[in-house]
Each structure stands twice: as structure tokens, then as C-alpha cells.
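The structure appears below as C-alpha cells.
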Amino acid sequence: MGEILRDVGLSVLTAALAAAVLVPTFVVLKLLMDLGLDVLLPAVVALALLLAYILRRETVGR
Amino acid sequence: MAPPFLWQVCPRAMDTSLIFVIFIVAVALLFDFVNGFHDAANSVATIVSTRVLSPGMAVLWAAFFNFVAAFGLGVHVANTIGNGIIDTSVVDEKLILSALIGAIVWDIITWRYGLPTSSSHALIGGLIGAAIASAGMDAVIGSGVRKVGAFIVISPMVGFIAATFLALAILHLYQRVAPSTAQGIFRRLQLLSAAAYSLGHGTNDAQKTMGVIAVLLFTTGHLGGEFHVPLWVILSAHAAIALGTVFGGWRIVRTMGMRITKLEPQDGFAAEAASAAAILFATQVGIPVSTTHTIAGGIVGVGSTKRFSAVRWGVAYNIVLAWILTIPVSGLIAWAAFQVAREF
Numbered sequence: 000m001g002e003i004l005r006d007v008g009l010s011v012l013t014a015a016l017a018a019a020v021l022v023p024t025f026v027v028l029k030l031l032m033d034l035g036l037d038v039l040l041p042a043v044v045a046l047a048l049l050l051a052y053i054l055r056r057e058t059v060g061r
Numbered sequence: 000m001a002p003p004f005l006w007q008v009c010p011r012a013m014d015t016s017l018i019f020v021i022f023i024v025a026v027a028l029l030f031d032f033v034n035g036f037h038d039a040a041n042s043v044a045t046i047v048s049t050r051v052l053s054p055g056m057a058v059l060w061a062a063f064f065n066f067v068a069a070f071g072l073g074v075h076v077a078n079t080i081g082n083g084i085i086d087t088s089v090v091d092e093k094l095i096l097s098a099l100i101g102a103i104v105w106d107i108i109t110w111r112y113g114l115p116t117s118s119s120h121a122l123i124g125g126l127i128g129a130a131i132a133s134a135g136m137d138a139v140i141g142s143g144v145r146k147v148g149a150f151i152v153i154s155p156m157v158g159f160i161a162a163t164f165l166a167l168a169i170l171h172l173y174q175r176v177a178p179s180t181a182q183g184i185f186r187r188l189q190l191l192s193a194a195a196y197s198l199g200h201g202t203n204d205a206q207k208t209m210g211v212i213a214v215l216l217f218t219t220g221h222l223g224g225e226f227h228v229p230l231w232v233i234l235s236a237h238a239a240i241a242l243g244t245v246f247g248g249w250r251i252v253r254t255m256g257m258r259i260t261k262l263e264p265q266d267g268f269a270a271e272a273a274s275a276a277a278i279l280f281a282t283q284v285g286i287p288v289s290t291t292h293t294i295a296g297g298i299v300g301v302g303s304t305k306r307f308s309a310v311r312w313g314v315a316y317n318i319v320l321a322w323i324l325t326i327p328v329s330g331l332i333a334w335a336a337f338q339v340a341r342e343f
């Protein structure tokens, strides 16, 4: 019983976490989109490249 | 006095014209079937590769949600495809048929080589190629093509960013949870994320064919005075894509689910949930994005959080190359098809 409750609790927490990460991401995306493609495209490319650079640096040697 | 319609003078001409329109609608639905067949991999690759569902059950799961997407998610993308890419005044049966031939041929070529390219971009390339062959560059709506072109870059990057954020957050939350417990939870959660992804795929991709059928009916005078997407078009497009998904292409499942990077259930969940959110967002704002590009970006994102070199960048490079070629090559095939169709 305890295990089932723990699994349900973790599942709900994970779904809430997904919403907490994804909703703000897409709110920002919509705001950038409202500013026009000239803003959205470079902003998304710059963030993706920055993220790739950080991941590459932080995961070296794993 | 208004001039008589052609079929009032010659009833057989009406029959021939209507039969040709019905034939093209059938070809459009065939494209949707091929789309479901080609893109089934995207919906089910992660749940198959993480062994959450058997391949048979996974395609049925994806097909069901692809069909359910017909109800209540709007037709913004269909409207963009229908009147936002090429000038509707140049559209006729031959143009639509040539565009569909360009898209179907390119889809079959890339399926043969196991490359997860975008059926959406193949269709857009086909429309552009056939429109140029028919009426020159002026027939292409620059702003619409620019938006679609920008999202070729944006959609995989948004998939990558959102999936990376989510994968990192999950990693943090599950730091002190036993791996076997986490695996059990994510195996169940992946059923939900795969369902959400299939819903997104169904609504964004099926709408592209709806747009093509609607513009064909509109320009041939079978839709009345105002452009809209009839219910029977919505239902048949979703049914065709769901049927195609049932007959899914396993070559691409292998590339998406196993060759880009090795996936665990929590990776599959993060990639699918992030991609589903990205596709549903694009659908609501009426942008025809590539569902394939978005999930590929998501898979690369979750792979990179474990180890940047865990991503097989050679495979990713081949996929990106095929993406770049999609619009020009499908456009070229459609252009050639129109030159042949023009002779009849």
C-alpha cells in the first residue's frame, strides 16, 4: 500500500514538474513570437547553442 | 444573362472534372496514410525502444490518439496551408496533384533510407514547386514561406531546449529515488506523454492534408463562397493518418528510438512531453511545424544531458541534411510532375 502511494505521489509530482518547466518555456516562446520572427529566431538559436555549449562542458569525461 | 456552366452544356465534362477532384482527394488521403506510416515512428519509437509497450500495442495506442485529435483542436494549420503558402487563384487540380506527387515520392525515398524527414515540409515543398511551375515565383506567398522556413530551424531547437530543461529537472527530482522505482514510474508516465505526442502529431499533420483538400474544393467551386474545412474532410484526414500509423514504418523507429542515442523511460518521457507541448503550441498559433524535427530535437536534448558524446552526431548530421533537402527536392519533383500534367 505504501509503495503504491509513493508511486502515485511521485507520478503526480513529476507531472506537476513537467507543467512547471514546460508552461513558462512556452509562455516565453509566445512572447518572443509576438515580437516577430526577427526576434524569435535568433533568440531560440542563441539559447540552444548556449545550452549545447554548457552541456558539452559539464558532461565531459562522463 | 450569366454564361452557362460547362456541365450544363456538356454533362460529361462535369463528370470528368468531378471524378478528377475525387481522385485527387483520394491521393491526398493516400499522402496522409503515408504520413502516418512514415511518422508512426516518431510517436512510438521511444515507447518501443524503452520496452514500455510491444510494437503492435504501441502503434495502436498512437493511432487511437492520432484519430482522437480530430475533435476540438481547431483548424488553424489547415487554414495556413490552404491559403498562406501559395496564391489560391493559381490553384487547380493539376497543381494539387503535382504537389502531392512531389511529397509522396520524397516521403517514400526517405522512408526507404530510414531517414526521419518531415512529411509537412515535403507537402509545402510540393506546393511551392508546383505553383512555380504553374505561375512563376509570384504565386508563392513570401511571408508564409518565411514563417514555415524559420520554424524548420525553430521547432527542433525548441524541442531540444524544452526536453533538456525537463530532463535536468527530472534528474534533480529523482536524485534520491531508487532507479528501479523511477523506471516503473516513467514506464507508466510514458504512456501519457506518447498519447500527448500522438495527439499533437494527429492535429498538426492531419491538418496539412485538410488544408490541401479544402483549397482544392474551394478553387474548383465545391466549397461555396467562403474558405472553410468541412467536417468530412477533418474526419477522413484523421482516419487516414491513424490507419497509416497502424501500418507504421519500422525502419524509422530504429533510427529515432535506437540510433540517435540510447533512451531510458525517463528520457522518452522528457522528449515526448516536451515535443508534444511544442507541437500543440504551434498548432494553436497556426504554424505547420515538423513533428519529426521536434521530437528529434527532443531526443538529442535528453541524450545530451547524460553525456554530450552520447548523441551519435553522424546520424544527427544525416538527418539534418535530409531536412535541408526536403523542400527543394520535393519541390523539384512536383515541378517536374506539373510539367508532365500540363500536357494532358
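Residue numbers (numbering that gives the first Met the number 0), protein chains in the order written: chain H, 0 to 61; chain F, 0 to 343.
C-beta atoms are modelled at their ideal positions from N, C-alpha and C, and glycine is treated no differently.
Fair warning: this is a prediction, and the values are worked out from it, not measured in the lab.
I need the boundaries of the alpha helix (DSSP H) containing residue i, first residue and last residue.
i: tyrosine 196 of chain F; result: 178–218
i: threonine 291 of chain F; result: 290–305
i: arginine 145 of chain F; result: 141–172
i: glycine 35 of chain H; result: That residue, glycine 35 of chain H, is in no alpha helix (DSSP H); it is neither H nor E in DSSP.
i: threonine 282 of chain F; result: 264–283
i: valine 58 of chain F; result: 54–67
i: histidine 75 of chain F; result: 75–82
i: aspartate 86 of chain F; result: Where aspartate 86 of chain F is concerned, there is no enclosing alpha helix (DSSP H), given that its DSSP letter is neither H nor E.
i: serine 117 of chain F; result: Serine 117 of chain F -> no alpha helix (DSSP H), and no H or E assigned at all.
i: arginine 111 of chain F; result: 92–111
i: histidine 221 of chain F; result: Looking at the DSSP string, histidine 221 of chain F is not in any alpha helix (DSSP H), and its letter there is neither H nor E.
i: alanine 239 of chain F; result: 230–245
Work out the CA separation of residue j and residue i for me, nearest whole Å.
i: alanine 19 of chain H; j: leucine 12 of chain H; result: 10 Å
i: valine 104 of chain F; j: phenylalanine 246 of chain F; result: 18 Å
i: alanine 1 of chain F; j: serine 119 of chain F; result: Model confidence at alanine 1 of chain F stands at a pLDDT of 47, short of 50, so the residue's coordinates are unreliable and nothing is read from them.
i: valine 38 of chain H; j: asparagine 82 of chain F; result: 25 Å
i: valine 58 of chain F; j: isoleucine 233 of chain F; result: 21 Å
i: alanine 205 of chain F; j: leucine 242 of chain F; result: 12 Å
i: arginine 175 of chain F; j: leucine 4 of chain H; result: 17 Å
i: proline 264 of chain F; j: threonine 87 of chain F; result: 46 Å
i: phenylalanine 226 of chain F; j: tryptophan 334 of chain F; result: 26 Å
i: valine 33 of chain F; j: leucine 320 of chain F; result: 21 Å
i: serine 48 of chain F; j: alanine 15 of chain H; result: 25 Å
i: isoleucine 326 of chain F; j: valine 76 of chain F; result: 18 Å
i: arginine 186 of chain F; j: leucine 262 of chain F; result: 12 Å
i: leucine 54 of chain H; j: alanine 273 of chain F; result: 18 Å
i: leucine 5 of chain F; j: isoleucine 21 of chain F; result: The pLDDT assigned to leucine 5 of chain F is 44, lower than 50, so where the model puts this residue is not dependable, and the model offers no usable value.
i: threonine 304 of chain F; j: isoleucine 184 of chain F; result: 20 Å
i: glycine 224 of chain F; j: alanine 130 of chain F; result: 22 Å
i: proline 23 of chain H; j: alanine 336 of chain F; result: 45 Å
i: alanine 27 of chain F; j: threonine 58 of chain H; result: 46 Å
i: leucine 222 of chain F; j: proline 229 of chain F; result: 8 Å
i: alanine 12 of chain F; j: arginine 111 of chain F; result: Residue placement at alanine 12 of chain F cannot be trusted, given a pLDDT of 49 that sits under 50; what the coordinates show is reported in the next sentence. Using only the alpha carbons, I get a separation of about 40 Å.
i: valine 157 of chain F; j: alanine 132 of chain F; result: 34 Å
i: valine 7 of chain H; j: alanine 340 of chain F; result: 60 Å
i: valine 43 of chain F; j: leucine 331 of chain F; result: 31 Å
i: leucine 399 of chain F; j: glutamate 92 of chain F; result: Not covered by the structure: residue 399 of chain F. The range shown for chain F is 0 to 343.
i: aspartate 106 of chain F; j: leucine 324 of chain F; result: 12 Å
i: alanine 238 of chain F; j: tryptophan 60 of chain F; result: 14 Å
i: isoleucine 151 of chain F; j: isoleucine 85 of chain F; result: 18 Å
i: histidine 200 of chain F; j: phenylalanine 70 of chain F; result: 13 Å
i: lysine 29 of chain H; j: methionine 0 of chain H; result: 43 Å
If distances are taken between C-alpha atoms only, which option among the options comes closest to residue i?
i: alanine 51 of chain H; options: F:Glu342, F:Asp106, F:Phe30 and F:Gly296; result: F:Gly296
i: leucine 172 of chain F; options: H:Ser10, H:Leu28, H:Asp33 and H:Met0; result: H:Ser10
i: valine 139 of chain F; options: F:Ala168, F:Phe159, F:Val90 and F:Ser154; result: F:Val90
i: serine 97 of chain F; options: F:Thr79, F:Thr87, F:Ala77 and F:Gly125; result: F:Gly125
i: tyrosine 196 of chain F; options: F:Ala62, F:Gly128 and F:Thr163; result: F:Ala62
i: leucine 198 of chain F; options: F:Ser16, F:Gly35 and F:Phe30; result: F:Gly35
i: threonine 45 of chain F; options: F:Gln338, F:Ala340 and F:Ile298; result: F:Ile298
i: tryptophan 322 of chain F; options: F:Ala121, F:Ile23 and F:Val26; result: F:Ala121
i: leucine 165 of chain F; options: F:Gly302, F:Leu99, F:Phe70 and F:Val20; result: F:Gly302
i: threonine 163 of chain F; options: F:Val284, F:Gln283, F:Leu29 and F:Ala270; result: F:Ala270
i: leucine 31 of chain H; options: F:Thr304, F:Val284, F:Leu324 and F:Ala340; result: F:Val284
i: isoleucine 153 of chain F; options: F:Pro287, F:Leu331 and F:Arg341; result: F:Pro287
i: leucine 49 of chain H; options: F:Glu342, F:Gly300 and F:Phe343; result: F:Gly300
i: alanine 277 of chain F; options: H:Ala45, H:Val27, H:Arg56 and H:Gly35; result: H:Val27
i: isoleucine 381 of chain F; options: F:Asp266, F:Val144 and F:Phe343; result: Only positions 0 to 343 of chain F appear in this structure, which leaves residue 381 of chain F out of reach.
i: phenylalanine 25 of chain H; options: F:Glu342, F:Leu29, F:Thr282 and F:Leu167; result: F:Thr282
i: threonine 208 of chain F; options: F:Asp137, F:Thr109, F:Leu99 and F:Val147; result: F:Leu99
Is the CB-CB distance between residue i and residue j below 7 Å?
i: glycine 101 of chain F; j: serine 289 of chain F; result: no
i: alanine 42 of chain H; j: phenylalanine 159 of chain F; result: no
i: phenylalanine 280 of chain F; j: serine 192 of chain F; result: no
i: alanine 194 of chain F; j: aspartate 31 of chain F; result: no
i: isoleucine 240 of chain F; j: valine 24 of chain F; result: no
i: isoleucine 80 of chain F; j: glycine 220 of chain F; result: no
i: leucine 21 of chain H; j: alanine 161 of chain F; result: yes
i: alanine 149 of chain F; j: leucine 40 of chain H; result: yes
Can you give the beta carbon distance from residue i to residue j, rounded, assuming they're within the 8 Å contact cut?
i: aspartate 38 of chain F; j: threonine 291 of chain F; result: 6 Å
i: proline 178 of chain F; j: threonine 293 of chain F; result: Rounded, the Cβ-Cβ distance is 28 Å, inconsistent with contact.
i: leucine 215 of chain F; j: isoleucine 127 of chain F; result: About 16 Å separates the two Cβ atoms, so there is no contact after all.
i: asparagine 65 of chain F; j: threonine 244 of chain F; result: 5 Å
i: glutamine 189 of chain F; j: valine 51 of chain F; result: 5 Å
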